[in-house]
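Counting from 306, one number per residue, gives the positions in the sequence shown under our numbering.
Even for Gly, the Cβ is constructed at its ideal location relative to N, Cα and C.
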Amino acid sequence: MRLEILKEDVWQCNHCSMCSEMVCDQAGFYKVCPVYQLMEFENYTARGHNTIALYLLEGSLNYNRELAEVIFKCTTCKLCEEVCKPMGNAVAGLGGYGLKSIMDAVIKPMQIEMKPIPSVAIMEAMRTDCVEQGLEPDGLKELAARVTASGNIYGKPAADRLQWAAGLNLASQAPTILFAGDTAAYEAPEVAQAAARVLQRIGISFSLLSDERASGAVLFRTGNIVLGEKMARHNLDLLKSALEVICLSAGDYYSLSTDWPKFAGSMPFKVNHISMVLADAIKDKRLRFSKNVPVNATYEDPCYLGRGMNQYADPRIVLKAIPGLTLTEMYPTAHGAWCCGNCGGIPDSDPELSIKLGVRKLSLIEATRASLVATSCPEVKVHLKKVFAHARKTVEVKDIVELAAQAIGE
Ligand code: SF4
Ligand code: SF4
């Protein structure tokens, strides 16, 4: 049982329930976990998951289909880890923004243990055990079949993968690789094209992988680590001479940075997210914006970029540098941001829940009165567009690279 690896962590959970409900000034008493908010049953919280894990380890519970239903409902958004014991109400009290930097500056130098329970890793280990027993939801079995057949999560022809780059004058072999990812390649080519144009404007020479395949991100999140590793190893073979890989997807960036090293050791190249590359170029004046983009925007933190990789500042540096753009933050945001419903394989395992989570997020977006949602992940963009269409809302969604491309006049 893979869960055995994390048994010490499971035992550390003291079932305090901070990850289930909390009190804060602005939101009052509220449920933390987005899935718990909708399902209203303790099973769906990290505390519930960790109780299930404890019983599985003790042998008083066995994996079965009913249990798998609960195990695959988590979005792996990590909000529970953000509020786990050491953080608690302070996260909500500060609107979710800036808390970790205070903790880093004040608490860490005192060498006080701040480690939350790794509830998502525990959840993913239970998922791997379920996949080994064939207990995962049918939607995830279909996802695995598509990836196996086509090398991408959409089941689209591999031969069409680079269509988005047609007409762009790119280097054939550069040490920097733009890893577009499945969604930008097939479902949001405008994001990949905008990224290419902005990188060219900065003066970064880059090339693409001739046979890029899925990073495995969603497979790792849903326990299919065997297929995830197969995809990752294929890409790694093609990246042998790369010095830097720039990801457009937050999930891919997280996976290359945290999943791949688990079986391949430290990466022989630097892994960056496009928001980091753009923010660096703004800071050292290699990227300047000259065109006005007059819009009131809010920013949607992708869970794997924010809580996953602690990248909150760089996308905001990009947005704040765009002339005419006003940024209005949601509440809660950043460390405390609610998941939009696109994470943890939920769009495949439970599409209805995925949309409901997005609609719930819509209430926070509307409260800002923004007419545009900016994000820094093509998967989030595609998901939010579906949510807005479902809710018959006309809010525009753009990736920050599209806004950057607009602001340089491309
Ligand atoms: S996961 Fe953390 S916050 Fe949740 S019950 Fe366990 S110790 Fe408390
Ligand atoms: S990762 Fe997100 S969805 Fe899963 S239990 Fe934690 S807060 Fe809930």
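Roughly how many angstroms separate the alpha carbons of residue i and residue j, rounded to a whole number?
i	j	result
His-578	Cys-338	27 Å
Arg-352	Thr-481	42 Å
Leu-541	Gly-456	14 Å
Lys-691	Glu-657	12 Å
Ala-397	Ala-712	Bear in mind that a pLDDT of 46 at Ala-397, under 50, signals an unreliable position, so the model cannot answer this.
Gly-460	Met-635	35 Å
Phe-594	Asn-348	49 Å
Gln-438	Arg-370	10 Å
Gly-403	Met-614	Any reading at Gly-403 must be qualified, since the residue scores a pLDDT of 45, below 50, and its modelled position is unreliable; the value itself is stated next. One C-alpha to the other measures close to 15 Å.
Ile-422	Gly-641	17 Å
Lys-545	Leu-689	35 Å
Ile-705	Asp-589	19 Å
Tyr-558	Leu-366	36 Å
Val-531	Leu-483	25 Å
Thr-381	Ala-547	30 Å
Glu-549	Arg-621	23 Å
Cys-318	Ser-560	26 Å
Glu-345	His-354	14 Å
Taking 7 Å as the threshold (C-beta atoms), are residue j and residue i in contact?
i	j	result
Cys-435	Tyr-368	yes
Ala-694	Tyr-609	no
Leu-708	Val-598	yes
Leu-372	Asp-653	no
Arg-502	Glu-715	yes
Cys-379	Gly-649	yes
Ala-463	Ser-510	no
Ala-602	Leu-553	no
Val-576	Ala-519	no
Ala-499	Ala-710	yes
Ala-454	Asn-529	no
Ala-493	Ala-485	no
Thr-633	Ala-569	no
Verify the contact flag: residue i, CB atom, against every heavy atom of ligand 2, threshold strictly below 6 Å.
i	result
Leu-384	yes
Cys-379	yes
Leaving out the 5 sequence neighbours to the left and right, which residues in its chain are closer than 6 Å to residue i when beta-carbon positions are compared?
i	result
Arg-307	Ala-430, Thr-433 and Asp-434
Lys-666	Trp-643 and Cys-645
Leu-343	Lys-661
Which whole-angstrom value describes the C-beta separation of residue i and residue j, a residue pair presumed to lie in contact below a C-beta threshold of 8 Å?
i	j	result
Leu-624	Tyr-604	6 Å
Ile-357	Val-340	No, Ile-357 and Val-340 are not in contact; Cβ-Cβ is about 14 Å, not under 8 Å.
Identify, in the order they occur along the chain, each residue of the same chain with its Cβ nearer than 8 Å to the Cβ of residue i, setting aside the five sequence neighbours on each side.
i	result
Met-581	Gln-616 and Asp-619
At a threshold of 6 Å, does residue i count as lining ligand 1 (C-beta to nearest heavy atom)?
i	result
Ser-424	yes
Asn-319	yes
Cys-338	no
Arg-260	Past the edges of the chain, shown from 306 to 715, lies residue 260, and the structure says nothing about it.
Met-428	no
Cys-608	no
Leaving aside the five residues before and after residue i along the sequence, list all residues of the same chain whose C-beta is less than 7 Å from its C-beta, in chain order.
i	result
Gly-401	Unreliable positioning characterises Gly-401 in this predicted model, as indicated by a pLDDT of 47, which lies under 50. The coordinate reading is nonetheless provided below. Closer than 7 Å at Cβ, skipping near neighbours: Pro-637, Thr-638, Ala-639, His-640, Gly-641 and Ala-642.
Pro-566	Met-572
Ala-626	Ile-587 and Phe-594
Lys-383	Val-425, Cys-608, Arg-612 and Gly-613
Comparing the C-beta of residue i with each C-beta of chain D, is any distance below 7 Å?
i	result
Thr-603	Structure shown: chain D not included; a single protein chain is present.
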